[in-house]
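In terms of mature numbering (1 follows the signal peptide of the UniProt record, and there is no 0), the sequence shown is residues -21 to -1, 1 to 357. As structure tokens, the structure follows; a few thoughts come after it.
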Amino acid sequence: MLRCELFLAVTLLFLGRGSSGADGPAKIPSVGVMGRRPLQPPATSWSFPRRKRDVEPPSYLKWVAFEGTLPADAVSNWNDYAKRMEYVCSTRVLGCNTGAYVPDRGPFCFFPFAEKEHGTSTFKVLVNVGDFEALDWVDASFGSVPENAVEGCPSVDVFVGRNRYGLGKVNKEQRAAFIVVDDEEVWYKWYQVLVVKKGPSDITISDVRYNFSGAVQHREDVTLTKTTMKNEGCQGVRKAVTLEEATEMEHEWEIDQRVFATVHGVLQAAVLAFNETGWEVTNVNNIPWVGGASTSEYVVHTRVVEEEVQPRMVCTVALEGSRLDVRVPFTAQLTRNFGDGQVHHVAVTGWARSQAVVGVGASVKQCWPMTDVSPCRA
Ligand SMILES: *[C@@H]1O[C@H](CO)[C@@H](O)[C@H](O)[C@H]1NC(C)=O
Ligand SMILES: *[C@@H]1O[C@H](CO)[C@@H](O)[C@H](O)[C@H]1NC(C)=O
């Protein structure tokens, strides 16, 4: 008896209100699948303790507090009805609400609430850092949301939704999506929900295109090794020495989008090789990518110097070359393959750096008389 009265009171109390975020109740449905009032009555404000969600693995999808300008990589939606680009926003004002930030309409998040459009300057914008996450709009209805739907606020059953009129919110408790249409809140039974693809994926960075017009190169003369030739005798003699030294040819790749520093996968790229006149692109190799990639190989340089050395003279012989350091910008595709036919592509830019010692040769540098021997008899 008591319970019954209580329920009646609650119903009456909230009659005449529109949608009210996750924490508030809503009023009794009108008939049909679309209307100016929300469906679903019985939600009460003394709600059950909410299920605590599992701790999510690190995600590149984040709600970022709005600080006056549109953050990079904000998640957008083309509103074909209003002919404008909208960005997904959420606010804790009036519970939890999601809606649209439209730069031309000022620094506000507009959202449907209680039959009207509301705006707040305290809000967050949804950012897909580096465009790394695979996002999708998935059809749903009657308050249901697909797996991995994007929540408006932590652990509140309000999700980012849209339909052809623009961005809005999906409220599970009220079993509908709420969208602002011409300044009024309208509820819909069929809508789309923003979903982020989860699960392991194979990452490949491929289609690497170097732009040699943007290349920056440094050249430095280096001495790889030195030795001496000496003639202790009293007649000129042909002497030969062999000079040998290994140098490392190094190749490194990095991506400008620093967010990918934690990504593990495979880089499919051609290695740059110096062919004595310029840098050449060689065959494509698979190189492990752990936030970046590098390969190196040793090159052994061997040269023989043969020279006549004058009597009682010492000569230094040097193996010399030029150390080249080139940085070449590139563009590439980062691909996440989820193994279920779904593939997500991200355009990336970066720098390849190659170092090599080239133009290696050996020669006699200088000669001087030996001091620790007695002079030759004339
Ligand atoms: C290559 O680099 C040059 C110099 O930085 C730049 O002007 C040009 O637009 C780049 N080309 C491409 C295709 O990115
Ligand atoms: C060396 O590479 C440059 C630049 O790619 C190319 O134009 C030239 O033909 C190559 N020379 C030789 C000898 O392979």
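Using N, Cα and C, we set each Cβ at its ideal position, and we do this for glycine too.
- Between ligand 1 and G329, a heavy atom-to-CB distance of less than 7 Å is absent.
- Counting the other Cβ atoms within 10 Å of the Cβ of W232 gives 16 or more, which makes it buried.
- Assigned with DSSP and collapsed to three states, R237 falls in helix.
- Taking the C-beta atoms as reference points, Y66 is found no nearer than 8 Å to A51.
- In this structure the region 274 to 288 does not lie against the region 181 to 192, because fewer than three pairs of beta carbons, one per stretch, are closer than 8 Å.
- In summary, A240 is exposed, with fewer than 16 beta-carbon neighbours lying within 10 Å of its beta-carbon over all protein chains present.
- At a cut-off of 7 Å, the beta-carbon of S192 counts as near ligand 1: some heavy atom of the ligand is closer than that.
- The bridge partners DSSP lists for N56 are E65.
- When C-beta atoms of the region 284 to 304 are compared with those of the region 163 to 180, fewer than three pairs fall below 8 Å, so the two segments do not count as touching.
- By the Cβ rule, the region 260 to 267 does not count as touching the region 308 to 318, because fewer than three pairs are nearer than 8 Å.
- Around the beta carbon of D59, fewer than 16 other beta carbons lie within 10 angstroms, which makes this residue exposed.
- Membership of F45 in any beta strand (DSSP E) is not indicated, and neither H nor E is assigned to it by DSSP.
- Around the Cβ of T226, a 10 Å sphere holds 16 or more other Cβ atoms; the residue is buried.
- By the neighbour-count definition (other C-beta atoms within 10 Å, threshold 16), Y80 is a buried residue.
- Bridge partners of R217 according to DSSP: E287.
- In the three-state DSSP reduction, R84 falls in the helix class (H, G or I).
- In the three-state DSSP reduction, G140 falls in the strand class (E or B).
- For A119 and V137, the gap between their C-alpha atoms comes out near 14 Å.
- The Cβ atoms of G147 and R154 lie no closer than 8 Å to each other.
- Around the beta carbon of D181, fewer than 16 other beta carbons lie within 10 angstroms, which makes this residue exposed.
- By a beta-carbon distance limit of 8 Å, V139 does not contact G145. Their separation comes to about 12 Å.
- Each residue's CA atom was taken as its position, placing V43 and L303 some 43 Å apart.
- Selection F92, H97, V175 evaluated against V108 yields V175 as nearest (Cα-Cα).
- Closer than 7 Å to some heavy atom of ligand 1: that describes the Cβ of P308.
- Distance between R198 and V336, taken at the CA atoms: about 9 Å.
- Of the other Cβ atoms in all chains shown, 16 or more fall within 10 Å of the Cβ of D110; this residue is therefore buried.
- Taken through DSSP and simplified to helix, strand or coil, F111 comes out as coil.
- Rounded to the nearest whole angstrom, the CA to CA distance from T328 to V216 is 59 Å.
- Of the other Cβ atoms in all chains shown, fewer than 16 fall within 10 Å of the Cβ of G340; this residue is therefore exposed.
- For V278, the closest C-alpha among the options C88, A252, V195 is that of A252.
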